[in-house]
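A short write-up of the structure that comes next.
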Ligand code: RB5
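Residue numbers (the working numbering): 841 to 989.
This is the structure we're talking about:
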C-alpha cells in the first residue's frame with residue numbers, strides 16, 4: 841500500500857501519479873488534499889509519514905510546490921527518509937542507496953510526465969544492502985541520538 845499526500849502546489853502532480861497507480865493496479869491510500877485550494881503542507885506530510893512508519897504503508901509519495909517543505913515536515917517523523925527528487929537518477933539512487941521511504945516532488949518544478957516516471961522508478965527500485973545498510977543505520981543513529989563518530 842502506497843500512502844499519498846499533497847498540498848495545493850503539488851495537487852496537479854498527485855492527480856497524474858494517481859492515474860498512473862490506477863492504470864497499473866497499484867493500491868494506495870490518498871490522504872489529500874483534494875483540490876488546488878490553499879492548504880498547509882505539514883498536515884499532509886504528517887499523515888503520510890505516520891502511515892509509512894506506523895500505518896502499514898510500505899512507501900509514500902508527497903507533492904508540494906517544490907517538494908522541499910513537505911519533505912522537511914515528513915523528515916521530522918522518526919523513521920522517515922523522505923527525498924526530494926528532480927531527475928530519474930535521483931529517483932533510482934535514493935531507493936538503492938538511501939533507502940528512501942517517501943518520494944517528494946514539486947508541482948512547480950517538474951512536469952506531470954516526469955512525476956509519473958520518477959514514481960515508476962521509485963516504486964520498482966530495490967534497496968541495496970551492505971555498505972548502504974550501514975550508512976542508513978548511521979542516519980537512524982543520528983535520529984535516535986546514539987550516533988558516535
Ligand atoms: C505553497 O505555496 C508552497 O509554499 C508549498 O507548496 C511548498 O512549495 C513548500 O515547500
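Think of the CB as a built atom: it goes at the ideal place given N, C-alpha and C, for glycine as much as any other residue.
Assigned with DSSP and collapsed to three states, residue 945 falls in strand.
Using a Cβ distance threshold of 8 Å, residue 881 and residue 909 count as a contacting pair. A Cβ-Cβ distance of about 12 Å is found for the pair residue 902 and residue 870, leaving them out of contact under the 8 Å criterion. Residue 987 counts as exposed, since fewer than 16 other beta carbons sit within 10 angstroms of its beta carbon. Within the same chain, and ignoring the five residues on either side of residue 965 in sequence, the residues whose Cβ sits closer than 8 Å to its Cβ are 931, 932, 935, 936. For residue 909, the uninterrupted alpha helix (DSSP H) segment begins and ends at 908 to 914. Under the three-state reduction of DSSP output, residue 873 falls in the coil class, being neither helix nor strand.
The chain-ordered list of residues whose CB is nearer than 5 Å to some heavy atom of the ligand RB5 reads 847, 849, 904, 905, 906, 908, 909.
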